[in-house]
Amino acid sequence: MILVRLIRCVLVVFALVAAMPAAALSPEQIGKLVSEDPDVRIEALNAVAAGDDESAIGFLQALAEGNVQTSVSTKKIVIVVDGKGTDATTGKPVDALPGDLDEVVANNVFRRELAAAIATLQLSSKDRAVRLAAAKTLQDETESDRLPIVERAIGKESDAEIKGLLERVRANLQLNSKDKPVRLAAIVSLGSSVNPNTKTILLEILAKKGGEFAEPDADIRFAAQKSLAEVEGRLATGERIAQVFSGASLGSILLLAALGLAITYGLMGVINMAHGELIMIGAYTTYVVQNLVRANAPDLFNWYLLAAVPASFMVAAAVGMVLERGVIRFLYGRPLETLLATWGISLILIQAVRTIFGAQNVQVENPVWMSGGVELLSNVVLPWSRIVIIGFSAVVLLLVWLALTRTRLGLFVRGVTQNRAMASCLGVHTGRIDTWCFGLGSGIAGLAGCALSQIGNVGPDLGQGYIVDSFMVVVLGGVGQLAGTVYAAIGLGIVNKFLEGISGAVLAKITVLVFIIIFIQKRPQGMFALKGRFADA
């Protein structure tokens, strides 16, 4: 029994020792870090970073967040968080905060050094995410005193991605070496980087000052020139990838906006100038659903889109069906009157929304799972919101295709489109099909508004920016052709983004419009042959 008790006592002692915090910074180090002399503070910070003691991270983060305060009367250095103080030198709580506490001010230079020092210490963390973030933070570091720590971290690192980042950090630090072979090796290593800041570093080596090169060594300049060409090539590839993605994203938005119009105009031959306002109604429906979920079920807010998507479709479809029943039905075969009537209705809808929601834009928030993005390269980040919208557009397109080709309604729509008189003779209620078809096109416009609410401002004039582009997509693709609408939307989106990079947004729009005018002059039926109720007209 005595032996068992002795073993228990030993285990308790070991447990208490293990639970004790690691040795933190010494009072002398803390005093220098809060000194009024910036040189003393930087020197102390570099010494702490070189010490590779993770226990110092807590104080450095408190310093970076502005939570460290000093008292002249008591000579105390206190970490204050939420009104509660902790003595920085002893780690004990401070019962009564001194009245003359003053925050330790950190200028921009010291903040940069703080971030680098914290990242340097975090290289030893057991958490991969922490080490990865630290390596990314140090990519622009040029302080050669940190080279031994980085070398040590590279030797211990087993993760390939983090190790690659650290090797580029080492190359940056080695550029300040006095050893020429070391500098050459560092410059060659930088040639594999995809960080835009690497280009700046290499350009500084090749820069001229007073008519002479900043770097006198021709071999160093030659290596820098070669590495610069490699970096620029990789950055250009990243920019092209980003442009293609942005074009596909814009194309998916144009597709959603034009898909409903491809039905109402392409299949029915109705020039609906209120189509943009149906998009706007879908966006405002999303806003209303968002507010209802936030007020009644805040825990489910991140999933409010599951209710907003069908709601946007149904509300816009209902407005479209009322519009077709009340106005458009009496104007079939009279395109000018239809255009003027729907334009007037668009003004009424805009004013109605202004009256209900106000003239200012309203805020629609993204769910958490649509925030952030995927980093392909250092200069290419694909936002989750855009990725989701591209996928959403593909799903909507598939559902529309299935509805038109695999359902009874789709069969009737195609029959009425191809030969209205024959479809009527066979017992098809053509007037009802017109209403359902217009409702389908309007509902898709509502879905476009729901998607647009996730990437831009929602206001009464939201639809005005897409009505012209939607008509261009439908006409270019071929009236009545869903496949043509898809090709035209994605093609115009990608071409527009590439032209924006060359000539700017305005000239890109003008160039695209001129191209479409010339194309329609040569091929009036669009990319695909016209099929519809006016095909033989």
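For the sequence shown, this note's numbering puts the final residue at 1012, and the numbers step up evenly by one. Positions of the beta carbon are idealized from the N, C-alpha and C atoms, including for glycine. Just so it is clear, the structure is predicted and the values come from calculations on it, not from any experiment.
Based on the DSSP secondary-structure assignment, which residues constitute the bridge partners of S546?
Looking at the DSSP output, S546 bridges to L576.
Cβ atoms of L648 and L681: under 8 Å apart, would you say?
No; because the gap between Cβ atoms is not below 8 Å, this pair is not in contact.
Neighbourhood of A634 by C-beta distance below 8 Å, restricted to the same chain and skipping five residues each side
Correcting the residue type first, residue 634 is Asp in the shown sequence and not Ala. Annotation for D634: R603, R606 and L607 place their beta carbon closer than 8 Å to its own, counting only its chain and skipping 5 residues before and after.
What does the Cβ neighbour count give for A497, buried or exposed, with the cut at 16 atoms within 10 Å?
Because the pLDDT at A497 is just 37, under 50, the model does not fix this residue reliably, and the value given afterwards should be weighed accordingly. Exposed is the call here.
CA-CA distance, D570 and I552?
Approximately 14 Å, taken between the alpha carbons.
Determine the direct distance from the alpha carbon of R861 to that of L730, and round the result to whole angstroms.
Roughly 14 Å between the two C-alpha positions.
Would T673 and L665 be called neighbours here (beta carbons separated by less than 8 Å)?
Closer than 8 Å, so yes.
Compare the C-alpha of L967 against each of V949, S978 and A628 and name the closest.
Selection V949, S978 and A628 evaluated against L967 yields V949 as nearest (Cα-Cα).
Residue nearest to W911 in terms of C-alpha spacing, selected from R889, L640 and S510
Nearest to W911 by C-alpha distance, out of R889, L640 and S510, is R889.
Determine, using beta carbons only, whether M743 and G918 come nearer to each other than 8 Å.
No, they are not a contact pair.
Nearest CA to the CA of Q826: which residue from L937, T882 and I738?
Comparing Cα positions, the closest option is L937.
Where does A497 fall in DSSP's three states?
Bear in mind that a pLDDT of 37 at A497, under 50, signals an unreliable position, so the number given afterwards is only what the model happens to contain. Three-state result, A497: coil.
Per DSSP, what kind of secondary structure is L650 in: helix, strand or coil?
If DSSP states are grouped into helix, strand and coil, L650 belongs with coil.
Report the residue from V839, L736 and G722 whose alpha carbon sits nearest the alpha carbon of F776.
Closest option to F776, Cα to Cα, is V839.
With 16 as the cutoff for other CB atoms within 10 Å, does M796 come out buried or exposed?
M796 should be labelled buried.
Would you kindly check if the distance between the Cβ of V555 and the Cβ of L535 is under 8 Å?
No, Cβ-Cβ distance for L535 and V555 is not below 8 Å.
Alpha-carbon to alpha-carbon, R658 and I695:
Going by the C-alpha atoms only, they are around 8 Å apart.
Check whether E588 and I532 have beta carbons under 8 Å apart
Between E588 and I532, the C-beta spacing is not below 8 Å.
Excluding sequence positions up to five away, which residues of its chain have a Cβ less than 7 Å from the Cβ of L884?
The residues A878 and W911, in chain order, have a CB closer than 7 Å to that of L884 in the same chain once the five nearest residues on each side in sequence are set aside.
Between which two residues does the beta strand (DSSP E) harbouring P623 extend?
Segment L622 to K631 is the alpha helix (DSSP H) holding P623; no beta strand (DSSP E) there.
What separation, rounded to the nearest whole angstrom, lies between the Cα atoms of K507 and S868?
In a straight line, the C-alpha of K507 is about 58 Å away from that of S868.
Span of the alpha helix (DSSP H), counted from its first residue to its last, around T761:
Per DSSP, T761 is one residue of the alpha helix (DSSP H) stretching across H750 to N771.
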